[in-house]
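So the structure is just underneath, and the comments pick up after that.
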């Protein structure tokens, strides 16, 4: 029997929540509006499976390109290309510029 190769494999520590973070999400996180060109950090909320980005993008800084319904279109620069991700406000937070 071979190893599993599912989309959420090896993600126990990445997608697990701390004890005090469990439960409902604060409304302020959902009601935050993001403008085009704004920097955001992808922070995956494992309690919401809808529009969840892949675990490799956890903690990455992205730029908001547009909006598609209630979801946001994000661009993440890779080595030679730019990855486009569509996700909801559940999984992103504002980037704190240093």
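Residue numbers (this note's numbering): 1 to 98. All C-beta atoms, glycine included, are put in the ideal place defined by N, C-alpha and C. Note that the coordinates shown come from a computational prediction; the quantities given were computed from them, not determined experimentally.
What are the boundary residues of the beta strand (DSSP E) that residue i is part of?
i: residue 123; result: Nothing about residue 123 can be read from this structure; the chain reaches only from 1 to 98.
i: residue 82; result: 82-87
i: residue 24; result: Taken as a continuous stretch (DSSP letters only), residue 24 belongs to no beta strand (DSSP E), as it is neither H nor E.
Alpha carbon to alpha carbon, how far is residue i from residue j?
i: residue 71; j: residue 85; result: 10 Å
i: residue 12; j: residue 2; result: 19 Å
Quick check on the DSSP output: the alpha helix (DSSP H) that includes residue i runs from which residue to which?
i: residue 99; result: Lying outside 1 to 98, the shown extent of the chain, residue 99 is not represented and no answer is given.
i: residue 79; result: Neither: residue 79 is in no alpha helix (DSSP H) and is coded neither H nor E.
Just grab the DSSP bridge partners of residue i for me.
i: residue 93; result: 41
i: residue 34; result: The partner list for residue 34 (beta bridge, DSSP) is empty, contrary to what the question assumes.
i: residue 71; result: 68
Practice task
Count the CB pairs spanning the stretch 31-39 and the stretch 53-60 that are closer than 8 Å, and state whether there are at least three.
Solution key: no
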